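What follows is a set of notes on a single structure, which appears directly below.
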Amino acid sequence: MIVKELKPEKWERLKEIFEQEFDSDLPKPENSRILACFEDGKMVGFVLAEQVLMIGQIYVVPPRREKSGEIVRSLLSYIREKIAPRNVVGAVASEKRFEALYRAFGMQKIEGKFYRKNF
Numbered sequence: 076m077i078v079k080e081l082k083p084e085k086w087e088r089l090k091e092i093f094e095q096e097f098d099s100d101l102p103k104p105e106n107s108r109i110l111a112c113f114e115d116g117k118m119v120g121f122v123l124a125e126q127v128l129m130i131g132q133i134y135v136v137p138p139r140r141e142k143s144g145e146i147v148r149s150l151l152s153y154i155r156e157k158i159a160p161r162n163v164v165g166a167v168a169s170e171k172r173f174e175a176l177y178r179a180f181g182m183q184k185i186e187g188k189f190y191r192k193n194f
């Protein structure tokens, strides 16, 4: 088996797979790579590797915590308007209130377990 990176101009042939198998559009080449496995010259599988910006800790100074919603919404709005159009953004909702907040910003809940490693 041979593994090689597919050039973005070859991704269009995977569009139907993304739609049918993943209910998804093709990824953006600016922050994604597709590595394909070939056997006897035919593609037998691929993996999508995306760069994801993760929302980390959110901090609000103690005197403003009771009414922190406006501050947090402003910060997330900035991410959505200035950073997200060029990137994939993820977040871990450690509390119910964050689940609602992220949904309000159009983020989709992903089922399963999140794994992380800093290489």
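Heads up: the sequence shown is residues 76 to 194, going by the working numbering.
The beta-carbon is built from N, C-alpha and C at its ideal position, and this holds for glycine as well.
Note that the coordinates shown come from a computational prediction; the quantities given were computed from them, not determined experimentally.
| Item | Value |
| --- | --- |
| Going by Cα to Cα distance, which pick from Ser152, Val136, Ala168 and Ala124 is closest to Glu80? | Ala124 |
| Give the straight-line distance between the Cα atoms of Lys142 and Val163, rounded to the nearest whole angstrom. | 29 Å |
| What residue ranges within the region 123-151 form continuous beta strand (DSSP E) runs of no fewer than 3 residues, ordered along the chain? | 127-130 |
| Taking just the CA atoms, how far does Arg139 sit from Glu105? | 37 Å |
| List the endpoints of the continuous alpha helix (DSSP H) containing Phe113. | Premise fails: Phe113 lies in the beta strand (DSSP E), Ser107 to Glu114, not in any alpha helix (DSSP H). |
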